[in-house]
Amino acid sequence: MIRDPQGFEIFLGKLRDFVRNRLVPREAEVARLDEVPADVVAEMAAGGLFGYSIPEAYGGAGMTTEELVLAAIELSQCSVAFRARIGTNTGIGSEALVIEGSDAQKQRYLPDMASGRLTGCFALTEPEAGSDAAALKTTAVRSGDSYVLNGSKCFITNAPIAGLFTVMARTDPANPGAAGVSAFLVERDTPGLSTGTPYAKMGQAGSPVSEVHFDNCRVPSANLIGGEEGRGFKIAMKVLNKQRIHLAALCIGPAIRMLDDIVQHTANRTQFGQPVGAFQLVQAMIADCQTEIHAARALVLETARKRDEGIDVTMEASICKYFASEMCGRVADRCVQMLGGYGFIADNSIERFYRDVRLFRLYEGTSQIHQINIARRTFGQAGYDIKS
Numbered sequence: 537m538i539r540d541p542q543g544f545e546i547f548l549g550k551l552r553d554f555v556r557n558r559l560v561p562r563e564a565e566v567a568r569l570d571e572v573p574a575d576v577v578a579e580m581a582a583g584g585l586f587g588y589s590i591p592e593a594y595g596g597a598g599m600t601t602e603e604l605v606l607a608a609i610e611l612s613q614c615s616v617a618f619r620a621r622i623g624t625n626t627g628i629g630s631e632a633l634v635i636e637g638s639d640a641q642k643q644r645y646l647p648d649m650a651s652g653r654l655t656g657c658f659a660l661t662e663p664e665a666g667s668d669a670a671a672l673k674t675t676a677v678r679s680g681d682s683y684v685l686n687g688s689k690c691f692i693t694n695a696p697i698a699g700l701f702t703v704m705a706r707t708d709p710a711n712p713g714a715a716g717v718s719a720f721l722v723e724r725d726t727p728g729l730s731t732g733t734p735y736a737k738m739g740q741a742g743s744p745v746s747e748v749h750f751d752n753c754r755v756p757s758a759n760l761i762g763g764e765e766g767r768g769f770k771i772a773m774k775v776l777n778k779q780r781i782h783l784a785a786l787c788i789g790p791a792i793r794m795l796d797d798i799v800q801h802t803a804n805r806t807q808f809g810q811p812v813g814a815f816q817l818v819q820a821m822i823a824d825c826q827t828e829i830h831a832a833r834a835l836v837l838e839t840a841r842k843r844d845e846g847i848d849v850t851m852e853a854s855i856c857k858y859f860a861s862e863m864c865g866r867v868a869d870r871c872v873q874m875l876g877g878y879g880f881i882a883d884n885s886i887e888r889f890y891r892d893v894r895l896f897r898l899y900e901g902t903s904q905i906h907q908i909n910i911a912r913r914t915f916g917q918a919g920y921d922i923k924s
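Numbers in our numbering are just positions in the sequence shown, counted from 1, shifted up by 536.
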């Protein structure tokens, strides 16, 4: 749902100009420094980018799902690090608070998240609980008017710079499954919370990722999201359902950018006396890229509209994430192939995207996990209870 089509189109045009004129020229700098420069962060904050999905009552734009994915497609047509810098605030790092937080929790944290003064992150994954997230071992034991957290998380985006952690921890040790998990808000300066050294990664330079450790970390009971134990995993799944649609949109932007860049290259690069783009095998790869981008965009927009209408899109969210992330990987591979030897040389946009987008098929559910989810729900819709 787009609330003000004319006004939103103007907004998208301004965002498009900001990406092209302000962010794209800084891509090489981000890759070299392995961080988004402070002046760029300040400019993004001034433009309201941190608050896209945060309700207007707390200083955000209150975007609908459809508006959010359209903005994400535009914003992601530049280095992945720029989007990742704001991404936990516009998505996974704030969503639990937005959908399940108390009024007091929202008033305390959301205005600072919307302004960019506070960066959030989402701490679910653990060394022994990745795809099997319900097997998490981090514990939260009630102690008076607090909970004491112990355990470790891994692969947490923006953890090194986050000021607020949405943490999933087990409050019921007698229940080893999803029902024993609760969700907490933990502030950076809470004694007992620490983050590890940022990982050296294959791609996505400028997007810091690290472990998070809790050592007798005492958290006020008022920071239990939803005010009730045992609801954490359900909250996490609600968050991920929306975020998977959002992430699918974030796969479309890089694919559009890579296609734009490779069209320029193949139209101007000459071999055998003619542009490389004149060769039919190259044209076939261009056509495949364009077709898959259009298909992913249509799928994501349809799912976003359904979610805005209140329809359960659990399966569609998995389909979006699975198809769009795989599509982006295929586009990246074709574009490297069309670049030839230049595609293997560092410091060009397509080589960087090739490494950056590989993560899309891994986080927030691997492609294989989504295949399983989609298949099970398909059987379920037909009345069968088929499980591996």
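Quick reminder that beta carbons are idealized off the backbone N, C-alpha and C, glycines included. None of these values were measured; they are calculated from a predicted model.
Its chain contains T601, E602, V605 and I781 as the residues whose beta carbon lies nearer than 6 Å to that of A840, once the 5 sequence neighbours on both sides are disregarded; these appear in chain order. DSSP lists F750 as the bridge partner or partners of L729. The beta carbons of E747 and S667 sit no closer together than 8 Å. Here the C-alpha atom of L569 lies approximately 43 Å from the C-alpha atom of E764.
Boundaries of the beta strand (DSSP E) around N686: S682 to T693.
Per DSSP, the beta bridge partners of L760 are F720. Residue range A574 to A582 is occupied by the alpha helix (DSSP H) that includes V577. A direct Cα-Cα distance of roughly 10 Å separates A918 from R912.
If you check the CB distance, Q641 and L551 do not come in under 8 Å. For the set P709, E571 and T914, the Cα lying nearest the Cα of G742 is the one of E571. Cβ-Cβ distances below 8 Å link T802 to P811, V812, G813, V818, I822 and M874 in the same chain, with the five nearest sequence neighbours on each side left out; the list follows chain order. Between the segment 620-629 and the segment 694-709, the count of Cβ pairs shorter than 8 Å is three or higher; the stretches touch. For F889, the enclosing alpha helix (DSSP H) starts and ends at S885 to D892. In this chain, the alpha helix (DSSP H) harbouring C825 covers Q816 to D844. Collapsing the DSSP output to three states places A791 in a helix.
Per DSSP, T626 is not a residue of any beta strand (DSSP E); the alpha helix (DSSP H) it occupies stretches across V616 to T626.
Residue burial annotation: S589 is buried, with at least 16 other C-beta atoms found within 10 angstroms of its C-beta. When beta bridges are read from the DSSP output, L700 appears opposite G656 and E723. Between the segment 788-803 and the segment 865-881, the count of C-beta pairs closer than 8 Å reaches three or more; the two stretches touch.
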